[in-house]
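These notes are about the structure you will find just below.
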Amino acid sequence: MGLSRRDFLKTSIAASTAASVGMPVAKQAEAAVAAMEKDWEWDKGVCRFCGTGCGLLIARRGDRIVAQKADPDAPVNRGYQCVKGYFNAKIMYGQDRLTQPLLRMKDGKFDKKGKFVPVTWEQAFDEMERQFRRAYAEKGPEGVAMFGSGQWAIAEGYAMNKLFKAGFRSNNIDPNARNCMASAVAAFYSVFGTDEPAGNYDDIEHTDTMILWGANMAEMHTVLWSRIINRRLTAPHVRVVNLTTFRNMSSDGADLEIIFSPGTDLAIQNYIAREIIARNAVNWDFVNKHCVFATGPYDIGYGMRPTDKYAFPAERDIVLKEQRVKLDKYEAIGQRRKEGEVVEQKNTANPAAHWLISFDDFKRALEPYTLDFVAELAKGDPDEPLDQFKNKLRQLVDLYVDPKRKVVSFWTMGFNQHIRGTWVNEQCYMNHLLLGKHSQPGNGAFSLTGQPSACGTAREVGTFSHRLPADRLIPNPAHREYTEKTWKVPAKTINPKPGSFYAKIMRDIEDGSVKWAWVQTNNPWQSHPNINHWLKAARETDCFIVVSDAYPSVSAKVADLVLPAAMHFEKWGMFGNAERRTQCWRQQVPPQGQARADLWQTMEFAKRFKLKDFWGEQTVPGLKAEGFPDGKLPSVLDEAVKMGYSAEDNLYKVLFATPDNLKVRWPDPAVAKGRDNHVVKLLGDGWFPEKALFQEYVVFGRGQAKDLADFDWYYRDDVRGGKWPMTKNDKGEWVEGSWRFNEKYDPFVKKGAGFEFYGKLFKAIPSGNLDGVTDPKPVSVAGKAKIFFRPYAAPVEQPDANYDLWLCTGRVLEHWHTGTMTRRVPELHRSFPAAVLWMHPKDAEARKLKRDDLVWCESRRGKIQLRVETGGRNRMPRGYVYAPFFDEGVLVNKLVNDATCPISKESDYKKWAVKVYKA
Amino acid sequence: MNLSGILVVAKPEWLPAVVDDLGAMPGIEVHQVEEATGRIVVVQEADDVQAEADGLERIQKLPHVVVAQMVYHYFADDPNIDAFLSDQTDGMSASVPAVLNN
């Protein structure tokens, strides 16, 4: 043929690319591909970055991955992938990959002030155990904590959840997903009584209108954005709206861009609702049959500490607002009160309380949200004429209410990372429910997620401090009882007191109440807000910090013990994406050096403890629950003995290598298809833990409309994951779910109901009016969704004469969150080497700054240096700056307050005040 | 040698111009063009991964290009990965990353 090897490779790659995107391929080219790939083995996998859940195909030759392509058969991405996804395999090969355990030592012994020294796994676990026992002896179950992750594979999260909640009897386990989508969860619970979206990605091709609320999908959900653009280009009537606080890449593909001021999304949502009623567009048939109206207290604080004891002097004024707030003009109008009124925050302890109200009350509450009021409050670009902004708000309503239009609203961090995140999520459902545009193909409010298994692991497995698997909650006695029975542990093993949420674990370390903490698959000391506090606490308190990671992250740097973690394709795993799709991959290559899977680390650590270490009586200050003595967890050892356990049994045997699980054997050639499993080899007792633990876990969701299929099904060659609820058809084959709560698509809806919002949580509530509860007797609202009234609440910190600019922090396309993995990939690093501060050219000019100048960006909580960017992909309105947080050299989140939505406990990264001056 | 298969989507009316622009770029070969949809398959060869990423960005910035997405990534001959793998032994002999002890 005369082709050089290079030409031959190029022909093959072109043919393979064409085939991936469904273009015709010549026979000759097909032969070239076959020749190139002669000794390769392809396998299916899933991307380990964002929550989209793109399918990948990876090729290995021996122990090396040699090629990767987007999976043309994956229903999510259909042969596409973004620049991050492209590097799933290469992230394993960064030059500073951690390949051995490292312990801070001095004179041959652990020393908090020592330098990191390589140790064996045995030595690492010895010190980890010694420190754990010290912390537990001093502080009990609440003295230890776990920072988990929405990047945990399902079995990894499940195992750690079980170890903490059943083994250690501690609920101090919380994932970084808390800072990503806890507000979405809280609203799913309050509105529907069950977590996760009703819709799925096919909504994109079914809908006529896509409305992005503070979600820059062009950068953060690139592949879904490609589907949106494709839909827009192939169906001319389709409209895309970008509601955002600054012009970003998504604006380029939008028909309508609405720039609003931070936090005023709450007011815009109420304006839409008011208009729906005023224009007589309420779908009364839907609302009367399937919805009720509700509201809750407004004086719920901001999720900050109840004291200013730990506050830096400059942040004291804001921290004190946790106790009382003086209402500004807009907040006063929106809450039907008087400007300047001081409101004591009386409901900080029970912010999620809510009660039924009448439609008349609901309508009355919306009355202040006129176009004039909302436009004046919400206009985010000072240079935009008010009339133009009003016009845009009108057009937005036109799109929502048009009876011929289907509408999907998308959101992620803009809504979720919000001091009223739960409220603004609820408001989005409010409008879709009023219009009856929900739970149907092309119609629905769709909460996206940021991490590959925020849904699959953090939410479905329930690795939060207040959750148990499949929508079960720690404070609910029946849910604990079910979990204890399923886990075959004695009644009252599980601690009924919810543990510390992510932000509180950090605060607990600072105030000395947590003395031992373990981090897996996340980087809290870079990603969590207000890091100056936590960096100092990590190094200056006597808390022992263990970080399992693949690279030397900021968190590894402040740790006492670093454990090298196996990465994605070095282990087996499953993820659940934002459309409820569970997907899997196999170990393709062995881990580098001594790196090992988190699952092995968790189970190996469990071997070091016996039942008698935890299942005797334990002290838990503040514990108050029916059937428990105040402040105590009872001894369950006698009951354990009756169940056939011995006090001397270790936790590995009781929780993981159970008689049932040991029956799930490795090798399992039908599933493994020639792939290895390093966890199996290291454990050495011949069971297949990823499969056994998954099969144990799926029991929780079966029959609960959270049904997952069997492990082996996901590994079939012809399967590209499945959206739950998974059900079996007449032939006994697994069939995936599609649109929840809609009789036509969801087998869990009662026949004849049409729609049924069957979630079981918070479905018996009192009645009242806009001011509070009038009749405490719980009323059942089974089967119905709640339409909430939630008022506008002003951001707790706003620009003033001193800190005169809004600051928003977030992500960029090229880097994954804190950059721990993607900054090892030279091409990603160089295309976005360091964080910049985007600002309006006039704001720069007013401060005598120009593009690329080095500046200080300072808030009440700290200051950092950044380079000014006045152009590029983000265009800021005057008065507003944006900085991404991926750069470990800058630590942008030092500037951000650790306030949270009081209901969801999710941090707000999006609206804080800073000043900027030349460095 | 780094090779990648890239799908470029051009506005169909501008397809010939985009194909010409792509053909003029160093290291880029146009392999397949679909007139009806404006889809173009190109293969990029670059000395190193930096040049490869820069090339993709240049394609994305061409006039009338709607989408340019990497589809296929071939790195069986990537010298950086080979060097990394040949450095790995049992992991216990690796040095502690300097950043951790600074």
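Chains A and B supply the protein sequences, listed in that same order. So in the working numbering, the last spot in the first sequence is 919, and the numbers never skip. So in the working numbering, the last spot in the second sequence is 102, and the numbers never skip. Backbone N, C-alpha and C define an ideal beta-carbon position, used for all residues, glycine too.
- Within the same chain, ALA182, SER183, ALA186, GLY421 and THR422 come within 6 Å of SER904/A by CB-CB distance, once the 5 residues on both sides are set aside.
- When only Cα atoms are considered, ALA349/A and TRP912/A end up about 24 Å apart.
- Taking C-alpha positions only, PHE410/A is separated from SER447/A by approximately 6 Å.
- Contact of GLN618/A with chain B is not assigned, every C-beta pair being separated by 8 Å or more.
- Just so you know, the alpha carbons of ASP39/A and ILE81/B end up roughly 19 Å apart.
- Less than 8 Å separates the beta-carbon of ALA159/A from that of THR602/A.
- Residue pairing by DSSP places MET70/B opposite ILE6/B in a beta bridge.
- DSSP, reduced to helix, strand and coil, places ALA314/A within a helical segment of the structure shown.
- By the neighbour-count criterion, in which a residue is buried when 16 or more other Cβ atoms sit within 10 angstroms of its Cβ, ASP549/A is buried.
- At a cut-off of 8 Å between beta carbons, ILE91/A makes no contact with chain B.
- When secondary structure is reduced to three states using DSSP, LEU563/A falls in the strand class.
- Going by DSSP, ASP285/A is part of the alpha helix (DSSP H) stretching over 284-290.
- Comparing C-alpha distances from LEU163/A to each of CYS584/A, TYR880/A and TYR652/A shows the shortest one belongs to TYR652/A.
- The criterion of a C-beta distance shorter than 8 Å is not satisfied by PHE741/A and PRO689/A.
- Taking 8 Å as the threshold, the shortest C-beta distance from SER555/A to chain B does not fall below it.
- For the stretch 173-217 of chain A, the continuous beta strand (DSSP E) assignments of 3+ residues that do not extend past its boundaries occur at 173-175 and 209-213, in sequence order.
- Of the other Cβ atoms in all chains shown, 16 or more fall within 10 Å of the Cβ of GLN151/A; this residue is therefore buried.
- Residue-level contact by beta carbon holds for TYR80/A and chain B, with a gap shorter than 8 Å.
- In the structure shown, the three-state DSSP call for GLY55/B is helix.
- The Cβ of VAL18/B sits no closer than 8 Å to any Cβ of chain A.
- Counting C-beta atoms within 10 angstroms of its own C-beta, ASP71/A has 16 or more neighbours from the protein chains shown and is therefore classed as buried.
- Counting only runs of 4+ residues, no alpha helix (DSSP H) is found wholly inside the stretch 102-136 of chain A.
- LYS390/A: member of the alpha helix (DSSP H) spanning 386-401, first to last residue.
- Cβ neighbours of VAL407/A within its own chain (closer than 7 Å, five residues either side excluded): THR207, THR209, ILE211, LEU399, TYR400, LYS437 and ASN443.
- Excluding residues up to 5 positions away in sequence, VAL735 lie with their Cβ nearer than 6 Å to the Cβ of ASN729/A in the same chain.
- With fewer than 16 other Cβ atoms from the protein chains shown falling within 10 Å of its own Cβ, THR619/A counts as exposed.
- Contact check for GLY301/A against PRO725/A fails: the beta carbons are separated by 8 Å or more.
- Interface residue (Cβ-Cβ distance to chain A less than 8 Å): GLU13/B is not classified as such.
- Listed in chain order, the alpha helix (DSSP H) elements of length 4 or more contained wholly in the stretch 655-701 of chain A are 659-662, 669-672, 678-683 and 689-698.
- Under a criterion of Cβ atoms nearer than 7 Å, the residues of chain B adjacent to GLN95/A are, in order, PHE84.
- With respect to the 8 Å criterion, VAL19/B and VAL9/B are not classified as neighbours on the basis of their beta carbons.
- The beta carbon of GLN695/A is closer than 8 Å to those of VAL664, ASP710 and PHE711 in its chain, skipping five residues each way along the sequence.
- Taking 8 Å as the CB threshold, ILE13/A lines the interface with chain B.
- With at least 16 other beta carbons inside 10 angstroms of its own, GLU52/B counts as buried.
- Listed as beta-bridge partners of LEU854/A by DSSP are ARG867/A.
- The contact set of GLY5/B on chain A, defined by CB atoms closer than 7 Å, consists of ILE13, ALA14, SER16 and THR17 in chain order.
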